[in-house]
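Let me begin by presenting the structure, written as structure tokens, before commenting on it.
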Amino acid sequence: MIFLLPVLALAAVVALFVWTSGAGLNVAPAAPTETLQFEQTILRPGEIELHVRNTSPQELTIAQVNVNDAIWPYTATPGATIDRLGSATVTLRYPWVTGEAYQITLFSTSGVAFSTAIPVAAVTPAPSAGTFWSFTLIGVYVGIIPILLGMCWLPALRRLGPRAMLFLMAATVGLLIYLGVEALAEALEISATLGGVFQGAGIIAIGVVGTFLLLNAANQRQLLSKRGGASQRMALATMVALGIGLHNLGEGLAIGAAYSVGAATLGTFLVVGFIIQNLTEGLGIIAPIAKERPSLRALALLGLIGGGPAIAGAWVGGLVSSQPLAVLFLAIGAGAVFQVAYTLGKEMVWGAKREAPFTVFGGVMTGMLLLYVTGLIIK
């Protein structure tokens, strides 16, 4: 009971503050604080459908809709007045033309404008068994196939000497760090478009820190239960595959989202780019077990762990529109690869830094520069 006393006292203070209208100040804002988030835009022949959410501190009413500066009639479901954190669907019977660009602006009764753009109009793919299968194939092309191909370098890695292996492990750490920073930057970019009520920075912090600590705890238990050298290295390779897999979840999300909004060219470009990039990820997965002789089944499982999540990401990105979820996925991917980079560096790289510090430096920089140059080519 004694633990509840501070909570009850705090509740009483909050009630007193509210009852006195903010200690008697009760200052009204000079202008209404209204924000409206566009969650999804769906195009059908002769129709534009907007899914919006009210992220204001109070209810909001839509009064007018403009398409390319022209007032256009609309219907709002369930209604034009949207409660706080409530959502509505705004439907326009509009003869849009494929390939054209459109600027849509919604005005509230307070005169506040909220705009969204359709850069290239195209029919939005409707969820079906065919699209589900297509997104599955995209995940296979992006995630599983290139990682398995990268793992085919395993016989060549067995011929490397100790210094070359150290360089390779350091390059893997550099690759993972770069992937983590890239995912974090993408999460921050998307979070900037979220309404303040969703606290994009908080979602990123929860995803990154939570994933890092969870994987770290799982890795500690795994390493303690398997003390053999070969088993420990296989456990480390599994952690690398898991970290890369969670990162590929975000990649699949980006590709699926590009296709879902009709940006087919962008989606194809992302697929090709990630295929090239993920070839190096397969190399990173097998680096810890380069001197071992794992079975084909074990290698296939590692490839599935590393590339399979790209399929789930493509499903979610292509069939579900949720910016907070996209931020969370990217943050989870960033936290995962940061944790794997930390573990891999601690177990197989930093301990050898005294003997070959410049080899470690060169390896880390090579891994980061490899992905940077790849990005220059494909983006």
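For what it's worth, the numbering used here labels the leading residue of the sequence shown as 1, then goes sequentially.
Beta carbons are placed, not taken as given, at the ideal position from N, Cα and C, and that holds for glycine.
Just the Cα atoms here: how many angstroms apart are residue i and residue j?
i: T359; j: V349; result: 10 Å
i: L85; j: M169; result: 47 Å
i: I138; j: L319; result: 13 Å
i: N219; j: M239; result: 7 Å
i: L92; j: T35; result: 21 Å
i: A237; j: A287; result: 8 Å
i: T136; j: I311; result: 5 Å
i: T265; j: I255; result: Legend: pLDDT at T265 = 48, less than 50; position of this residue unreliable, no value from coordinates given.
i: L188; j: G99; result: 30 Å
i: V140; j: F329; result: 19 Å
i: A230; j: F132; result: 40 Å
i: Q339; j: F212; result: 5 Å
i: L184; j: T55; result: 24 Å
i: E39; j: I118; result: 13 Å
i: W19; j: L10; result: 14 Å
i: L253; j: A331; result: 12 Å
i: G386; j: E182; result: Residue 386 lies beyond the range of the chain shown here (1 to 379); nothing can be said about it.
i: V65; j: A101; result: 17 Å
i: V13; j: V7; result: 10 Å
i: P45; j: P57; result: 36 Å
i: Q103; j: T116; result: 6 Å
i: E186; j: L16; result: 43 Å
i: V173; j: L214; result: 19 Å
i: D83; j: S134; result: 37 Å
i: F5; j: A298; result: Per the sequence shown, the amino acid found at residue 5 is Leu instead of Phe. C-alpha separation (whole angstroms): 56 Å.
i: L296; j: S128; result: 35 Å
i: I2; j: G333; result: 42 Å
i: L160; j: Q37; result: 54 Å
Figure out for me which residue from the options has the closest Cα to the Cα of residue i.
i: L301; options: A241, W19, A356; result: A241
i: T75; options: A170, V52, L184, V7; result: V52
i: V90; options: E100, F107, A101; result: F107
i: V373; options: Y178, W72, L8, E39; result: Y178
i: T105; options: T77, I82, V67; result: V67
i: L371; options: G335, E100, L175; result: L175
i: G180; options: G243, A12, Q199; result: G243
i: A164; options: L376, G363, M368; result: G363
i: A341; options: Q323, N216, G307; result: N216
i: G375; options: G303, F361, F329, T280; result: T280
i: L325; options: Q232, P73, P155, T193; result: T193
i: F361; options: L157, G79, F167, T61; result: F167
i: A156; options: V13, G200, R293, E59; result: R293
i: T33; options: L253, E59, R297; result: E59
i: Q323; options: F198, L296, L4; result: F198
i: T81; options: L283, T61, W72; result: T61
i: R158; options: M365, D83, K291; result: K291
i: G335; options: I203, R297, L296, A356; result: I203
i: T124; options: P162, L50, T116; result: L50
i: N278; options: A298, G307, Q103, T116; result: G307
i: A356; options: L4, P162, L16, L299; result: P162
Under 8 Å, do residue i and residue j count as touching if we go by C-beta distance?
i: M234; j: I289; result: yes
i: A70; j: V97; result: no
i: S191; j: V337; result: no
i: M151; j: I285; result: yes
i: Y94; j: I48; result: yes
i: T77; j: A63; result: no
i: P309; j: G143; result: yes
i: W153; j: L283; result: yes
i: T366; j: A171; result: yes
Tell me residue i's beta-bridge partners as DSSP assigns them.
i: V52; result: F38, A88
i: F114; result: L106
i: I82; result: L60
i: S47; result: What sits at residue 47 in the sequence shown is Glu, not Ser. Answer is R44, bridged to E47.
i: V65; result: L106
i: I71; result: N66
i: A76; result: V90
Please confirm whether any heavy atom of the ligand FAD lies closer than 7 Å to the CB of residue i.
i: L371; result: Ligands displayed in this structure: none; no statement on the ligand FAD is therefore possible.
contact_flag[the region 190 to 208, the region 306 to 315] where n(CB pairs < 8 Å) is 3 or more: no
Do the region 111 to 126 and the region 245 to 254 make contact, defined as three or more Cβ pairs closer than 8 Å? no
Do three or more CB pairs link the region 338 to 348 to the region 141 to 153 at distances below 8 Å? no
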